[in-house]
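Engineer: For the sequence shown, our numbering gives the first residue as 204, with consecutive numbering after it.
Here a beta-carbon is modelled for each residue, glycine too, at the ideal position from N, C-alpha and C.
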Amino acid sequence: MTSPSLAEARTIISAAEKRAGEIGQPMNIAVVDAGGNLVSHVRMDGAWIGSIDISINKAFTSRAFDIQTKDLGDNSQPGNQFYGIHASNHGRIMIFAGGIPLTRDGQVVGAIGVSGGSGEQDQTVAEAGASAFAGGSD
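#1: With a threshold of 8 angstroms on Cβ separation, who are the neighbours of Asp269 within its own chain once the five nearest residues in sequence on each side are excluded?
#2: Curious, which full-length beta strand (DSSP E) runs of at least 3 residues does the segment 228-252 contain?
#3: Tell me which residue opens and which closes the beta strand (DSSP E) that Ile315 is part of.
#4: Give the DSSP-derived three-state secondary structure of Ile259 in the structure shown.
#5: When you compare the segment 275-290 with the segment 249-261, are there three or more beta-carbon pairs, one atom per stretch, that lie closer than 8 angstroms?
#6: Could you round the C-beta distance between Thr214 and Ala335 to whole angstroms and report it? I think they count as a contact, below 8 angstroms.
#7: Just to confirm before moving on: does the CB-CB distance between Ile298 and Gly320 stay below 7 angstroms?
#8: What three-state label does DSSP hand Ile303 in the structure shown?
#9: Starting from Gln284, trace the alpha helix (DSSP H) both ways and give me its first and last residue.
#10: Assuming contact is defined by CB atoms lying nearer than 7 angstroms, are Ala262 and Gly302 in contact in what I supplied?
#11: In the structure shown, what three-state DSSP assignment does Ala333 receive?
#12: Restricting to Cα atoms, I'd like to know which of Ile216, Gly253 and Asp308 is closest to Thr205.
#13: Check each candidate in Asn231, Gln228 and Gly238 and name the one with the smallest Cα separation from Pro207.
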């Protein structure tokens, strides 16, 4: 299981930045390795400083549970199986769109986290970054 290299993280971030530019929304974009540790982060000019930690924590959450954060969010509403999960891990768990696992050979090896716009904007930018990962999003 090989985590994304720094060069791969930069490729992922570059693709995500391109998509953020296309939609006109500056973003914070983070890539983490298989252990949930930060490999690289970019704060685009004009992106909210409050979204720095959110992007990093979306990537961490996605890797920690091997799930897209939007899907975890859907399952963490009152009455659902993961209700309250956002309070775990010292509050690091993000339950809204923008975090996507990165896979290589069918194994999760890292994740991307994006924050700075609406959930839909964060998700589309994260998807662009994940699609650029050489390991594929099988």
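Structural biologist: Looking at the atomic coordinates:
#1: As a working note, residue 269 is residue 66 in the sequence shown. Around Asp269: Pro304 and Val311.
#2: 231-235 and 241-246
#3: Taking the sequence shown and counting its residues from 1, one reaches residue 315 at position 112. Counting along the chain, the beta strand (DSSP E) containing Ile315 begins and ends at Gln310 to Ser318.
#4: One-based indexing of the sequence shown puts residue 259 at position 56. It is helical.
#5: no
#6: If you number the sequence shown from 1, residue 214 lands on position 11. If you number the sequence shown from 1, residue 335 lands on position 132. That belief holds up - the Cβ atoms of Thr214 and Ala335 are roughly 5 angstroms apart, short of 8 angstroms.
#7: Here residue 298 corresponds to residue number 95 of the sequence shown, with the count starting at 1. Here residue 320 corresponds to residue number 117 of the sequence shown, with the count starting at 1. For Ile298 and Gly320, no; Cβs fall outside 7 angstroms.
#8: One-based indexing of the sequence shown puts residue 303 at position 100. Here Ile303 sits in strand by DSSP.
#9: Position 81 of the sequence shown, counted from the start, is the residue given in the question as residue 284. Gln284 -> no alpha helix (DSSP H), and no H or E assigned at all.
#10: As a working note, residue 262 is residue 59 in the sequence shown. As a working note, residue 302 is residue 99 in the sequence shown. Yes, the pair counts as a contact, with Cβ atoms nearer than the cut-off.
#11: Counted from its first residue, the sequence shown places residue 333 at position 130. If DSSP states are grouped into helix, strand and coil, Ala333 belongs with the helices.
#12: Along the sequence shown, one-based indexing puts residue 205 at 2. Of the listed residues, the one whose Cα sits closest to Thr205 is Asp308.
#13: Mapped onto the sequence shown, residue 207 falls at position 4. Minimum Cα distance to Pro207 is reached at Gly238.
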